[in-house]
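Trainee: Chains as they are written, first to last, in the working numbering: chain H, 1 to 373; chain S, 374 to 528. All C-beta atoms in this analysis are idealised placements derived from N, C-alpha and C, irrespective of residue type, glycine included.
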Amino acid sequence: MTEAEERQKWVDLNMGPQHPSTHGVLRLKVKLDGEIVKELEPVIGYLHRNAEKICELDYYCDSIIYFDRMDYVAAMNMEVGYLEAAEKLLGIPPPERVQWIRVIMAELSRVASHLVWTGAFGLDLGMLTPFFYAFIEREKILKIFTEVSGSRQEVNYMSIGGVYQDFNEKIVQEINEFCDQFPKKLEDMYDLFTKNDIFISRNKGIGVLPKEVALDYAVTGPMLRASGVPYDVRKAEPYLVYDKVNFDIPVSQKGDNLARFLVRFEEMRQSIKIVKQAISKLPEGPFFNPKAKKSLMIRLRGEGDVYARTESSKGELGVYIVGDGSVKPYRLRVRSPTLRNLSVLRYLAKDQMIADVVAISGTIDLVFGEVDR
Amino acid sequence: MISVAEILEETKGKDGRRILKVDKDNFLQLMEELKEQGFDHLSLITAVDWRDRIELVYHLHNMENDNYVVVKSDTLNNVFPSVVHLWTSADWEEREQWDMMGVWFDGHANLRRLFLPESWTGHPLRKNYDLSKVQYINMDDEGNDYATFDPGDGW
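1) Report the start-end ranges of each alpha helix (DSSP H) in the stretch 46-121 of chain H that is 4 residues or longer and not cut off at the edges.
2) Under a Cβ-count criterion, where at least 16 other Cβ atoms within 10 Å of its own Cβ denotes burial, should S/L381 be classed as buried or exposed?
3) Compare the beta carbon distance of H/A257 and H/N196 with 8 Å and say whether it is the shorter of the two.
4) From which residue to which residue does the beta strand (DSSP E) around S/G480 run?
5) Helix, strand or coil for H/S149? Go by DSSP, reduced to three states.
6) Using 8 Å as the threshold, is the C-beta distance between S/E383 and S/L393 below it?
7) Ends of the alpha helix (DSSP H) at S/A463?
8) Taking three-plus beta-carbon pairs below 8 Å as touching, is the stretch 110-121 of chain H in contact with the stretch 265-281 of chain H?
9) For the stretch 72-86 of chain H against the stretch 277-289 of chain H, do three or more pairs of beta-carbon atoms, one drawn from each stretch, fall closer than 8 Å, so that the two count as touching?
10) So, helix, strand or coil for S/M436, using DSSP?
11) Taking the beta carbon of H/K88 as the centre, do at least 16 other beta carbons fall within 10 Å, making it buried, or is it exposed?
12) Mind listing, in chain order, the continuous alpha helix (DSSP H) runs of no fewer than 4 residues lying wholly within the stretch 168-197 of chain H?
13) Who are the near neighbours of S/A420 in its chain, counting only those whose CB is closer than 6 Å to its CB and skipping five residues on each side?
14) Taking 8 Å as the threshold, find out whether the stretch 114-128 of chain H comes into contact with the stretch 358-368 of chain H through three or more Cβ pairs.
15) Is there a C-beta anywhere in chain H that falls below 8 Å from the one on S/D513?
16) If you measure between the beta carbons of S/R486 and S/R468, is that distance less than 8 Å?
17) Less than 8 Å between C-beta atoms, sequence neighbours within five positions excluded: which residues of the same chain meet that for S/F522?
18) Using a Cβ cut-off of 8 Å (strictly closer), state whether H/Y82 contacts chain S.
19) Given a limit of 8 Å on CB to CB distance, which residues of the stretch 415-431 of chain S reach chain H?
20) Per the DSSP calculation, H/A292 is bridged to which residue(s)?
21) Taking the beta carbon of H/D351 as the centre, do at least 16 other beta carbons fall within 10 Å, making it buried, or is it exposed?
22) Taking 6 Å as the limit between beta carbons, can you name the residues of its chain near H/R335, skipping five residues before and five after?
23) Could you give the DSSP three-state label for H/N257: helix, strand or coil?
24) Buried or exposed: where does H/I64 fall if 16 or more other Cβ atoms within 10 Å of its Cβ makes it buried?
25) In angstroms, rounded to a whole number, what distance separates the CA positions of S/W460 and H/V213?
26) Which chain H residues sit within Cβ distance under 7 Å of S/R485?
27) So which residues on chain S does H/R335 lean against when the C-beta distance must stay under 7 Å?
28) Can you give me, in chain order, the residues of the stretch 301-333 of chain H that have a beta carbon less than 7 Å from any beta carbon in chain S?
29) Run down chain H in chain order and give the residues with a C-beta less than 8 Å from the C-beta of S/S505.
30) Let me know if S/S416 comes out buried or exposed under the rule of 16 or more other beta-carbons within 10 Å of its beta-carbon.
31) Check whether chain S comes within 8 Å of H/K38, counting only Cβ atoms and requiring the distance to be less than that.
32) For a contact meaning CB atoms closer than 8 Å, what does S/L489 contact in chain H?
33) Within 10 angstroms of its Cβ, does H/N77 collect 16 or more other Cβ (buried), or is it exposed?
34) Does any residue of chain H bring its CB to less than 8 Å from the CB of S/L498?
35) By how many angstroms is the C-alpha of H/P130 removed from the C-alpha of H/E410?
36) Using three-state DSSP, classify H/A226 as helix, strand or coil.
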C-alpha cells in the first residue's frame, strides 16, 4: 500500500478545546490509524490575552498582576521571574531579607503547583483519590499565602524592591508546621501512585523523550531533567539566595512518563528542604528598598535591555525587558516554559495509543494562562 | 569561522550577557557557526518594533557549559531568514513573532499565526496597531475560528 493510500485510511479526530483532561483550553487535531496516533497538532490561543502588550501599556510596578495571571497555579514563581528582570533594569536591588522571603514563597509555590499537577495527573489516569490528598495539602499552602498577601492564588505579594508585607511570628510558625507534617503526607501520596500496578504499567516506557529531542525543542524544567540533562537555573545561574541553600537536582535518565512523575515528586521534597533552611536563616532587616517607596513607584524609569531567567515550577521562565528611558517598558517578552514543553507533544504522541496521549499531555504540566499569555 | 569584521559590534549587556550585533546578510552564517560551537538551545526569539526598523533578538544557550549569547540583527522590510532547520524550537517561536509582530521568516515551511485566527487584521505588538478597533472572534461551520469587525457576528 502506498503512503497516500495509507493516509486515506486515517480518521480525523478533534480533542478539545473543552476536553476535561486537557487541563484547560487545549485543542488537539489528531489523525488516527485505528487507535494509533499518526499525526497530532495542538491548536492554542483560546486563552490569549496578549499580556506582553498589556505590560507595555502599564507602569513597571503594574505588570506584576499580569504575571500572576499567566501561571495562575504558581503565581509566586512568576512574580520572582518578572522582578528579577525589572529590578535589574531599574537598578533597585531587594534587601537581603526580601530575597530570603522570596525564596521561601517561590518554593512553597512550586510545591503548590506540583500538587495541582499530582492531583490532575491522577485524574487523567482515572485515579480520584490522590486528588483529594494533594488538594488538602495545597490548601494549607494557599492559607499561608492568604495570610501574607490577602489572596489565595493571584497573590500580588511581591513588588519592585520588596514585598507587600513582612513575615510575622505567626506566619513563620505556620510555615514550620506545614514543613513538619508535609513530608509524611507526600510519602502517602507517593505510595498511592507507585504501589498501583495500573499506574505503573500506563506510565513506564510511555512517551519517551530522548535528550537530543528535548534540547532541540527547547524543553526545560522537570521534563528536561527527566530526560537526563541535569540543568536547573537555580544551580546554573543562581538568583536570589539559591547559592546559599543546599539542595539537589533530581535527574532521571529514562525520559518516560514515570521518570517525569518521579522527578516532580523529588522536587517537592527538595523544595521543602530549601524552605526549612531558608526559615532558619531568615535575617532581620527591612522588607522593601526605600528607593521604591509607594509614592515613587510609578516614577521608576528603565533604560537598556535585560534578560533574566528563573526556574519556575514548569521550567525556565525568561523575561526580556527593553526600556527606552520612560516610565513604561518599551517591549516586554516572556519566555513561557510550557509553550516550548507543549510543542514537543507532537513528537511524543506519534505512534502512541490515543489513550496514552492524555497521559503524556498530563505529564507536561500544562497551564494555559502561561501557554497563551 | 565568520570574520570579526562581519560582526558589527560585540558588547556586554546590562545583565552581563555577551551581545553580538550582526548584519542581516551574515546572520544565517553566524547562527550556523554558533550551532556548531555547541549552542544547542534556542531559548527565545524576540522582535522589537523600533518604528523605522524591526530588531530581532535571539537568545542562545549552551547547555554543556551554560554559556549564553545574544544575537541582534535588524530588518527594514519585515522579512528575515528562518532558523527552523537549525533548531526545531524556532518553529513556534517564529510563528509567534509572525503572529504578534508581522515578521515574515523566509524558509519556514508552515508560517501560520500561532495564537490568533488566520483572518485577524494587523499584528498586535506593532507600535502602530490600533487598539480602539475591536475585532470579534467566531467559529465557522468547519470548527475553525475567524475574526471579524462586525460585533453582531461575534460571540
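Mentor: Quick answer:
1) DSSP runs (the alpha helix (DSSP H)) wholly in the stretch 46-121 of chain H: 51-56, 64-68 and 75-90.
2) Counting Cβ neighbours within 10 Å, S/L381 comes out exposed, since fewer than 16 surround it.
3) According to the sequence provided, residue 257 of chain H is Asn. The question's Ala does not apply to it. No, Cβ-Cβ distance for H/N257 and H/N196 is not below 8 Å.
4) Taken as a continuous stretch (DSSP letters only), S/G480 belongs to no beta strand (DSSP E), as it is neither H nor E.
5) In the structure shown, H/S149 sits in a helix (DSSP, three-state: H, G or I).
6) Contact: yes.
7) Under the DSSP assignment, S/A463 falls in the alpha helix (DSSP H) whose first and last residues are A463 to M474.
8) As far as the Cβ criterion goes, the stretch 110-121 of chain H touches the stretch 265-281 of chain H, which means the pair count is three or higher.
9) Counting Cβ pairs under 8 Å, fewer than three are found: no touch.
10) Reduced to three states, the DSSP call for S/M436 is coil.
11) Buried, because 16 or more other Cβ atoms sit within 10 Å of the Cβ of H/K88.
12) Counting only runs of 4+ residues, the alpha helix (DSSP H) found wholly inside the stretch 168-197 of chain H occupies 169-194, in chain order.
13) I427, L429, Q470, M474 and V476.
14) Yes, the stretch 114-128 of chain H touches the stretch 358-368 of chain H.
15) It does not: the Cβ of S/D513 has no partner Cβ on chain H nearer than 8 Å.
16) Cβ atoms of S/R486 and S/R468: closer than 8 Å.
17) Cβ within range, chain order: T494, K506, V507, Q508 and Y509.
18) By the rule that beta-carbons nearer than 8 Å mark a contact, H/Y82 does not touch chain S.
19) Residues of the stretch 415-431 of chain S with a C-beta less than 8 Å from any C-beta of chain H: L415, S416, L417, T419, V421, D422 and V430, listed in chain order.
20) Answer is none; H/A292 lacks a bridge partner.
21) The residue in question, H/D351, is exposed, as its Cβ has fewer than 16 Cβ neighbours within 10 Å.
22) For H/R335, where only same-chain residues beyond five positions count, the Cβ hits under 6 Å are G318.
23) Note: H/N257 maps to helix in three-state DSSP.
24) Buried, since its Cβ has 16 or more Cβ neighbours within 10 Å.
25) Each residue's CA atom was taken as its position, placing S/W460 and H/V213 some 10 Å apart.
26) What S/R485 touches in chain H: nothing, since even the nearest Cβ is about 11 Å away.
27) Under the 7 Å cutoff, chain S gives S416 and L417.
28) Those would be G304, D305, V306, Y307, A308, G318, Y320, V322, R331 and R333, in chain order.
29) Neighbours of S/S505 across chain H, judged by C-beta separation under 8 Å, do not exist; the nearest C-beta is about 13 Å away.
30) Its Cβ being crowded by 16 or more others within 10 Å, S/S416 is buried.
31) Residue contact check for H/K38 against chain S: no CB pair falls below 8 Å.
32) Result: G45 and H48.
33) Label assigned to H/N77: buried.
34) Nearest CB-CB separation between S/L498 and chain H: below the 8 Å threshold.
35) The question about residue 410 of chain H has no answer, for chain H in this structure spans 1 to 373.
36) Helix, per DSSP.
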